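Asker:
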Amino acid sequence: MPLTVYSIARKMELDVEQLLTQLALETGSPAPVKGEALPQVWKSHISTDLECPSCFSTGAEMVRAGRSKTDGHVVRQAYFRFSQGSDSPGHHPFCDFSGNAPAGFIPENLVQFSTPKDGVSKAVRDLVCKGIGLGVFGQWDIRAMREWFFTQKVDSRFTVTLDPRLPAWLESFQRNRAWHYSEGLEGLTLTEEVLRVPGFNFQGAASRELTRRYRAVAQALSDRRTFVIADLGRIGKLAYDYQGQPVFDPSVLRPQYERTLALAAFICSNHDPLIRSIKTYAPLASLKNPKYLMAFAALLLFISDWDLDAAVGRFAQIATSKEQVVESLGNVMGLNPFHDFSAWAGLKALQEHPQLRAFEVPSVGVKEEMEAWIAASKKTAGL
């Protein structure tokens, strides 16, 4: 359930308390105290004016904070609910808040700029506040980018069919394969005499045998389409969690992803509040929590029609301004449209590669297969 929503009439993001304050000011009526129902006219306005920050559905209901009867402390956050009913379709099926999302849940691709958790997110929050204060972009631009991404997500999808066991097997294969495999040795017969050579490298021979058996897999992993693969463990988890489900196809956004990486790396290498948080040899990769910066970089590129020079110019305008930071301007939900991009791209590449599509994951693990070959070879040699 979202903590904030976008007001169409006000062109801004609001949480429950901010909305109640706005309605009280606009109508001249005091906000209802605890236990009092909202005026019907307020309920109608909330239902028609407020949008889900992910799928832009209307039909919102306000759920106020719950407080302890003993000490008055908040025991449940205030949030907005988009229930399915006669007057509301509820969340879109592909919405990040659909299903049983709990109150206060923030999808991994959404970024709450108003709640910085470290030096990086605070530096980015300040850039966002200054950008809004200068008029470089507004909350409506952030909302427009979220809508653009949601449209991309709905229109570009594929169904996950990758065997969830394959990534872990591939990871083990990569660790144990013979990287300098020579096809000239492929026909070599390892006789009993050869196997009894003092110092014979059974481990190396097992690696060569493994690579020979799965040469098609080794070739597939060397293919440009699959050579750069993200964390295979993450790919395996995604394949397990989303098996048989339609998911967003990230490949349609690769040009935008690469420009966002370039801009984010430029910003963290050339903005003093961020420089202290990076390692110069790998500026972006060394950030512990890059999603705030990725969201900001994507926003600058979005309002610049994905032109890198124009986006850098807007960053420079914000970074060099003496504009005072007004923290309340940062009360907005940003978007990192490239969360898990490389993992999803890797999953799709593995799933669609012609040499891997029909590959059946062996029932025996890679190391066990090698150990079995070594044991059989030693037995043959009488060792």
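Heads up: the sequence shown is residues 123 to 505, going by the working numbering.
Virtual Cβ for every residue (Gly too), placed ideally from N, Cα, C.
As the structure is a computational prediction, the values presented were derived from the model and not from experiment.
(1) Only counting the same chain, and skipping five residues up and downstream in sequence, which positions put a Cβ closer than 7 Å to that of Leu136?
(2) With distances taken between CB atoms, is the gap from Ala417 to Val233 smaller than 8 Å?
(3) Could you pull the start and end residues of the alpha helix (DSSP H) that Thr382 belongs to?
(4) Quick one: complete beta strand (DSSP E) runs, 3+ long, within the stretch 213-275?
(5) Please state whether DSSP places Asp363 in a helix, a strand or coil.
(6) With a 10 Å radius around its C-beta and 16 neighbouring C-beta atoms as the bar for buried, classify Ile397 as buried or exposed.
(7) By the three-class DSSP mapping on this structure, what secondary structure does Gln445 have?
(8) Specify, as a first and last residue, the run of the beta strand (DSSP E) that Arg203 falls within.
(9) Residues in its own chain within less than 7 Å of Arg279 by CB, not counting five upstream and five downstream?
(10) Kindly list the residues whose CB is nearer than 8 Å to the CB of Thr283, restricted to its own chain and excluding five residues on each side of it in sequence; keep chain order.
(11) At the level of alpha carbons, what is the spacing between Asn453 and Ile264?
(12) Out of Gly358, Lys401 and Ala467, which has the shortest C-alpha to C-alpha gap to Leu292?
(13) Rounded to whole angstroms, what's the CA-CA distance from Phe219 to Pro412? Just pull it up for me.
(14) So, helix, strand or coil for Ser485, using DSSP?
(15) So what does Ser129 bridge to, in DSSP terms?
(16) Beta carbon of Ala420, beta carbon of Pro377: below 8 Å?
(17) Rounded to the nearest angstrom, how far is the Cβ of Gln140 from that of Leu256, given a contact under 8 Å?
(18) Rounded C-beta distance between Glu443 and Lys244? I'm assuming under 8 Å.
(19) Could you name the residues that DSSP lists as bridge partners for Phe280?
(20) Helix, strand or coil: which one does DSSP assign to Met123?
(21) Tell me the DSSP bridge mates of Met455?
Answerer: Put simply:
(1) Thr126, Val127, Ser129 and Gln144
(2) yes
(3) Arg376 to Asn392
(4) 232-234
(5) helix
(6) exposed
(7) It is Glu, not Gln, that sits at residue 445 in the sequence shown. Coil, per DSSP.
(8) Tyr201 to Arg203
(9) Pro368, Val369, Phe370 and Asp371
(10) Gln365, Gly366 and Gln473
(11) 12 Å
(12) Gly358
(13) 23 Å
(14) coil
(15) Met134 and Leu172
(16) no
(17) That belief does not hold up - the Cβ atoms of Gln140 and Leu256 are roughly 22 Å apart, past 8 Å.
(18) Sequence check: residue 443 is Ser here, not Glu. The Cβ separation is near 17 Å, so there is no contact.
(19) Val369
(20) coil
(21) Gln234
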